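Those protein sequences? They're chains A and B, same order as listed. 1 is the number of the first residue of the first sequence in the UniProt record's numbering; add one for each residue after it. 1 is the number of the first residue of the second sequence in the UniProt record's numbering; add one for each residue after it.
Protein chains: 2
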Amino acid sequence: MRTCYSLLLTAAALTAGLKPPQRSKAIRTTARSAAQPADLCAQLLNEVNKCNDLGDGVALLPLIVDGHKVGELRPELAKAVADAGTAFRIDAGVVRLDAALEAADEPARTEAVATCIDRLAKDGVVTGWRDELLPVVASYSAAPAFRVERAAYPLLGAKGYGVHVNGYTFDGDELRVWVATRASTKATYPGMLDHVAAGQLADVGGRPGEQVLAELAEEAGVPDELGKRAAPASVVSYRGVAGEGKGERVTNEVLFCYDIELPSSFTPRPVDGEVEGFELRSVDAVLADLVRGRFKPNVAVVTVDFLVRRGFLRPEMDGYLALVAALRSGDCS
Amino acid sequence: MRTCYSLLLTAAALTAGLKPPQRSKAIRTTARSAAQPADLCAQLLNEVNKCNDLGDGVALLPLIVDGHKVGELRPELAKAVADAGTAFRIDAGVVRLDAALEAADEPARTEAVATCIDRLAKDGVVTGWRDELLPVVASYSAAPAFRVERAAYPLLGAKGYGVHVNGYTFDGDELRVWVATRASTKATYPGMLDHVAAGQLADVGGRPGEQVLAELAEEAGVPDELGKRAAPASVVSYRGVAGEGKGERVTNEVLFCYDIELPSSFTPRPVDGEVEGFELRSVDAVLADLVRGRFKPNVAVVTVDFLVRRGFLRPEMDGYLALVAALRSGDCS
Chain A
1 MRTCYSLLLT AAALTAGLKP PQRSKAIRTT ARSAAQPADL CAQLLNEVNK
51 CNDLGDGVAL LPLIVDGHKV GELRPELAKA VADAGTAFRI DAGVVRLDAA
101 LEAADEPART EAVATCIDRL AKDGVVTGWR DELLPVVASY SAAPAFRVER
151 AAYPLLGAKG YGVHVNGYTF DGDELRVWVA TRASTKATYP GMLDHVAAGQ
201 LADVGGRPGE QVLAELAEEA GVPDELGKRA APASVVSYRG VAGEGKGERV
251 TNEVLFCYDI ELPSSFTPRP VDGEVEGFEL RSVDAVLADL VRGRFKPNVA
301 VVTVDFLVRR GFLRPEMDGY LALVAALRSG DCS
Chain B
1 MRTCYSLLLT AAALTAGLKP PQRSKAIRTT ARSAAQPADL CAQLLNEVNK
51 CNDLGDGVAL LPLIVDGHKV GELRPELAKA VADAGTAFRI DAGVVRLDAA
101 LEAADEPART EAVATCIDRL AKDGVVTGWR DELLPVVASY SAAPAFRVER
151 AAYPLLGAKG YGVHVNGYTF DGDELRVWVA TRASTKATYP GMLDHVAAGQ
201 LADVGGRPGE QVLAELAEEA GVPDELGKRA APASVVSYRG VAGEGKGERV
251 TNEVLFCYDI ELPSSFTPRP VDGEVEGFEL RSVDAVLADL VRGRFKPNVA
301 VVTVDFLVRR GFLRPEMDGY LALVAALRSG DCS
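This is how it looks when you write it as structure tokens:
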């Protein structure tokens with residue numbers, strides 16, 4: 001069976017451009033392996049909730065533009081933002097654009113906000129400058145209220161959108177997961193475990209599938225013909241204050257989750273220096289590293305979602321429902 | 001390729017008991033087929049939200065036992081329940097067990113509640129008697145506050161748990177879905193479309209996977225050896241007031257969703273008279289019937305979740321996120 005399938009994958013599919021069947025495997029028995037403790041779901045929930053942790057007693061002021069909430073700020077930050085120029089004001093516990101800007105169009109708002117954010121960068125409040133604008137929106141399908149430097153959007157508590165790709169391979173009957181190790185030089189989460197490819201969406205309402213193809217090529221050397229096998233499968237969302245990594249202090253994210261089965265003959269390779277390397281791991285090893293907190297927190301959320309969808313976590317396990325519920329804790333819109 | 005795979009499925013796997021690979025297929029292009037309208041996700045959301053519809057201006061009184069909310073009742077029903085014997089009382093807008101029952105154990109509570117429900121049945125308030133007790137719980141892992149006749153638990157707004165199985169087959173490269181037609185004699189949703197197998201869980205904290213095996217055998221004639229391929233993949237939850245079907249007026253449900261790939265040589269067959277027959281449908285046909293409201297409402301929710309997980313609905317489609325969010329609208333605990 002295995003020989004036949006491998007033959008199909010390598011000879012027929014990759015050479016001739018055919019698309020072989022993707023197999024979806026799951027643990028077939030309800031037996032728990034020795035590596036899986038009885039409170040596995042509770043331990044995983046603990047990791048998932050690192051992305052849902054707002055901290056103790058953190059008050060947040062809503063950022064309202066055009067009648068919609070598009071962000072939320074800690075009070076001290078809201079004051080700093082309001083004091084840094086004329087773009088923002090605080091009005092009865094609500095952060096708003098300056099009244100004149102409310103009536104302006106998006107480019108004018110974006111320009112005024114940029115002046116404010118520049119000042120905050122000079123003051124050391126905004127760090128990790130990326131020189132990339134991200135839209136500030138109420139939802140994925142809404143028109144941007146304005147755009148803001150990527151390093152600043154978490155400070156506003158603005159929603160972010162990303163794509164994450166679960167890469168896996170079948171070793172005979174066993175599903176194994178491709179895990180990346182982030183470069184030790186990364187500003188955020190250096191040395192932690194990551195997906196084969198992931199990326200922030202630079203705009204909303206676009207075509208995430210195309211970005212998946214690009215990220216797979218840029219981050220893992222996956223050619224487009226193979227990358228096209230990646231298919232959307234889920235969405236995770238979370239909202240919290242992350243304690244680690246400059247520019248990632250507030251998270252209010254929606255991640256489009258894709259899966260790609262890679263043929264056993266293919267090995268991802270670091271292309272853009274974002275990761276040190278890739279390793280094919282057993283599900284038990286992935287679970288152990290998840291529990292140990294070795295994965296970048298939002299990668300842990302997407303990976304747990306993958307393991308739920310593939311049947312490696314089961315309703316018979318204590319805490320299964322709470323874990324599944326936590327995967328879409330944030331505003332999924 | 002197809003010949004090789006079919007051979008594996010039928011000759012090797014079914015005869016010799018081997019487990020062939022399950023293939024997970026998805027639409028590989030972002031092209032929308034002619035059968036899929038631009039507002040497909042919005043139309044599907046409309047169907048999903050049939051299960052999330054609480055109606056206009058429906059006030060609900062919480063049912064609190066042991067300090068936890070275990071149900072919710074419409075005011076007129078709460079009054080009927082409180083008036084039917086001594087089991088329940090209304091205290092400042094909250095429905096509670098009688099004080100003596102609060103201190104009693106579960107069997108004593110269940111007995112007292114049964115007397116109350118018997119009266120309501122005699123009065124015609126509880127209809128469609130099933131002669132089966134269901135647990136009333138705050139969550140799946142909680143001990144039952146008491147047990148109640150199945151026909152009455154929706155009237156209390158108690159949480160219900162079920163298993164639903166998405167059955168599918170590959171016809172070459174094309175994923176096709178097995179759809180059942182409910183018997184015209186069913187008390188609820190006669191003649192509507194349904195899963196290959198589904199069932200209410202008679203208890204909580206149990207082993208849903210074992211019930212999946214039993215339902216597959218009882219409802220669709222799937223032998224255990226084949227049924228074991230069913231794997232848990234997701235959870236949907238919803239909360240609303242369904243307008244159709246006696247005994248299904250209040251829904252506050254969590255459904256464990258399983259997937260099973262059936263070999264192309266296997267045809268499900270009606271066993272227990274619950275369904276008239278099974279039909280293998282294309283995804284486009286399933287989408288068309290979903291939009292037309294031909295599926296039993298909660299089956300529609302699970303089927304949409306399946307199509308999301310298999311990549312037939314994509315982030316590029318308008319309304320994708322709202323649809324995904326709606327699949328876990330209820331209390332998933």
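C-beta atoms are modelled at their ideal positions from N, C-alpha and C, and glycine is treated no differently. The structure displayed is predicted, hence computed values, not measured ones.
C-alpha distance - B/P223 paired with A/D305, whole-angstrom precision: If you draw a straight line from the Cα of B/P223 to the Cα of A/D305, it is about 30 Å long.
The alpha helix (DSSP H) enclosing B/Y153, as first and last residue numbers: From DSSP, the alpha helix (DSSP H) with B/Y153 extends over 153-156.
A/V177 (DSSP reduced to helix, strand or coil): Here A/V177 sits in strand by DSSP.
Min CB distance B/T10 to chain A below 7 Å: Low per-residue confidence applies at B/T10: pLDDT is 33, beneath 50, and the placement is therefore not dependable enough to give any value.
Sub-7 Å separation of A/L280 and A/R176 beta-carbons: Yes; because the gap between Cβ atoms is below 7 Å, this pair is in contact.
Limits of the alpha helix (DSSP H) - the one that A/C116 falls within: Segment 106-122, the alpha helix (DSSP H) holding A/C116.
Counted within 10 angstroms of its Cβ, other Cβ atoms place A/E76 as buried (16 or more) or exposed: By the 10 Å Cβ count, A/E76 comes out exposed.
Cβ pair A/D119, A/A84 closer than 7 Å: Here the sequence assigns Arg to residue 119 of chain A, which means Asp is not the residue at that position. With a cutoff of 7 Å on beta-carbon distance, A/R119 and A/A84 are scored as near each other.
Interface flag, B/L262 vs chain A, CB-CB below 7 Å: At a cut-off of 7 Å between beta-carbon atoms, B/L262 makes no contact with chain A.
Reference B/S265; option with closest CA among B/A104, B/A152, B/A151, B/D171: Across the set B/A104, B/A152, B/A151, B/D171, the C-alpha of B/D171 shows the shortest separation from the C-alpha of B/S265.
First through last residue of the beta strand (DSSP E) which encompasses A/A198: Bounds of the beta strand (DSSP E) holding A/A198 are 197-200.
6 Å CB neighbourhood of B/V291 in its chain, flanking five on each side removed: Taken in chain order, the residues that qualify are Q43.
Interfacial residues, the segment 202-219 of chain B to chain A, with Cβ spacing under 7 Å: Residues passing the 7 Å Cβ filter: R207, P208, G209.
One or two residues paired with B/C257 in a DSSP bridge: Listed as beta-bridge partners of B/C257 by DSSP are B/H164, B/S234.
B/H164, buried or exposed, once every other Cβ within 10 Å from all chains shown has been counted against 16: With 16 or more Cβ atoms within 10 Å of its Cβ, B/H164 is classed as buried.
Alpha-carbon to alpha-carbon, A/A326 and B/G71: Across the structure, B/G71 and A/A326 are spaced so that their CA atoms are roughly 22 Å apart.
Beta-carbon gap between A/E106 and A/P144 smaller than 7 Å: Yes, they are a contact pair.
Own chain partners of B/G157 with C-beta closer than 6 Å, once the 5 adjacent residues on each side are dropped: For B/G157, where only same-chain residues beyond five positions count, the Cβ hits under 6 Å are G71, E72, L73, V250, N252.
Inter-stretch contact (C-beta, 8 Å, three-pair minimum) for the segment 254-271 of chain B and the segment 221-237 of chain B: By the C-beta criterion, the segment 254-271 of chain B is judged to be in contact with the segment 221-237 of chain B, since at least 3 inter-stretch pairs fall below 8 Å.
Terminal residues of the beta strand (DSSP E) in which B/D91 lies: Where B/D91 is concerned, the enclosing beta strand (DSSP E) stretches over 88-91.
B/Y320 versus A/A230 - alpha carbon distance: If you draw a straight line from the Cα of B/Y320 to the Cα of A/A230, it is about 18 Å long.
Partners in chain B for A/R309, counting only beta-carbon separations shorter than 7 Å: Neighbours of A/R309 on chain B, chain order: A233, S234, R309.
Residue from B/Y238, B/A233, B/L213 whose Cα sits closest to the Cα of B/G227: B/G227 has its Cα closest to that of B/L213, out of B/Y238, B/A233, B/L213.
Residues bridged to A/N252 (per DSSP): Paired residue(s): A/R239.
Length of the line joining the Cα atoms of A/D194 and A/Q36: Note on geometry: alpha-carbon atoms of A/D194 and A/Q36 lie some 21 Å from one another.
Status (buried if at least 16 other CB within 10 Å, exposed otherwise) for A/E47: Counting Cβ neighbours within 10 Å, A/E47 comes out buried, since at least 16 surround it.
Test: A/R109 CB closer than 7 Å to a CB of chain B: It does not; no Cβ of chain B falls within 7 Å.
Contact list for the segment 130-156 of chain B against chain A, Cβ threshold 9 Å: Those residues of the segment 130-156 of chain B that come within reach of chain A (Cβ to Cβ, closer than 9 Å) are S139, Y140, S141.
For A/T169 and A/V283, the rounded distance between their alpha carbons: Going by the C-alpha atoms only, they are around 11 Å apart.
Range of the contiguous alpha helix (DSSP H) that encloses B/V283: Segment 283-291, the alpha helix (DSSP H) holding B/V283.
Any C-beta of chain B under 7 Å from that of A/R239: Taking Cβ atoms only, chain B never reaches closer than 7 Å to A/R239, which makes this a no.
Residues of its chain near A/G93, where Cβ-Cβ distance is below 7 Å and the 5 sequence neighbours each way are ignored: So the list reads L61, once near-sequence residues are dropped.
Spatial neighbours of A/S141 in its chain, beta-carbon cut-off 7 Å, leaving aside the 5 residues before and after: The beta carbon of A/S141 is closer than 7 Å to those of G205 in its chain, skipping five residues each way along the sequence.
C-beta atoms of A/V254 and A/C332 nearer than 7 Å: Going by C-beta atoms, A/V254 is nearer than 7 Å to A/C332.
Buried/exposed call for B/E132, threshold 16 Cβ in 10 Å: With fewer than 16 other beta carbons inside 10 angstroms of its own, B/E132 counts as exposed.
Neighbour-count burial assignment, A/K122, 16 or more Cβ in a 10 Å radius: By the beta-carbon neighbour count (other beta carbons within 10 angstroms, threshold 16), A/K122 is exposed.
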